[in-house]
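Structure first, then comments.
This is the structure we're talking about:
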């Protein structure tokens with residue numbers, strides 16, 4: 005930033021979020037767009053959780069993990085979207101130091117947890133297809149609870165480390181964050197400190213989060229594909245692959261959009277913001293649709309709920 009040398013203010017009380025650099029008259033359009041997509045995120049994920057909770061036939065490990073995935077999706081969208089929408093209608097787009105740290109903490113917590121939950125879901129599909137006779141033994145309720153708790157614990161530890169390192173720096177005269185939420189990369193850009201340690205910690209965190217989850221997903225699907233190709237009937241192969249297609253779609257969507265954000269050149273911050281919208285709002289909106297449209301059990305459960313409502317009226 006041009007004013008890094010203007011002063012050193014480690015006692016920052018608030019930041020200004022730039023948001024999208026568009027004409028003021030387009031802010032209302034952005035507000036309506038965010039409102040529409042965020043409403044669909046809430047509707048889709050609350051509906052998915054409701055269907056899983058109310059239908060006893062969905063009381064299985066796969067849907068237990070899916071319910072947690074829906075909760076995580078609506079949680080990290082809620083951390084970002086409402087504040088962004090308020091800022092679209094406000095002239096002073098400020099966020100307090102504590103509010104910024106809190107937003108970054110919970111966003112990191114849920115986005116990291118989602119990565120581990122997706123790895124757990126891949127492992128669940130591996131056991132279901134490659135060891136179906138031992139599925140109920142391997143994927144016991146106790147183990148499922150441990151896997152989900154472990155995923156949240158990894159997210160919690162990662163968010164503590166991320167927030168601690170991000171906000172341990174000294175800030176310069178500029179307190180302007182060039183984003184629509186408190187992004188750690190943009191926060192560090194306005195610091196006056198040496199960021200070599202921060203970059204090393206961020207790299208270690210990325211390796212700790214991405215490498216194990218990707219390895220579990222890839223290895224699980226290697227075994228799944230090998231097992232499915234051995235099934236003699238085409239109908240059996242189709243049925244086995246159909247149980248994995250939704251999960252693969254969700255994994256591709258999340259990792260694809262996140263990768264696009266971080267592979268986008270820093271010289272094009274507006275493109276990074278647009279890409280961020282995809283994994284903050286669009287991905288959580290599409291995930292319930294992917295599972296409901298491509299999952300026979302979910303469609304049947306939804307049909308039963310709608311039929312009961314119609315009979316009541």
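Residue numbers (our numbering): 5 to 317.
Each residue gets a CB set at the ideal place from its N, CA and C atoms; glycine is no exception.
By the 16-neighbour rule on beta-carbons within 10 angstroms, residue 129 is buried. Judged by DSSP in its simplified three-state form, residue 120 adopts helix. Here residue 190 is buried, its C-beta having at least 16 other C-beta atoms within 10 Å. At a Cβ-Cβ threshold of 8 Å, residue 76 and residue 107 do not count as neighbours.
For residue 19, the enclosing beta strand (DSSP E) has its first and last residue at 18-21.
Annotation: residue 194 to residue 111 spans about 20 Å, alpha carbon to alpha carbon. Runs of the alpha helix (DSSP H) lying entirely within the segment 114-164 and spanning at least 4 residues, in chain order: 139-142. Contact annotation: residue 221 and residue 132 have beta-carbon atoms that are not nearer than 8 Å. For residue 26, the secondary structure class from DSSP, reduced to helix, strand or coil, is coil. In the three-state scheme derived from DSSP, where H, G and I count as helix and E and B as strand, residue 64 is classed as coil.
The beta carbon of residue 148 lies closer than 6 Å to those of 65, 68 in the same chain, with the five residues before and after it left out. Secondary structure at residue 45: helix, using DSSP grouped into helix, strand and coil.
With 16 or more other CB atoms across the displayed protein chains lying within 10 angstroms of its CB, residue 81 is buried.
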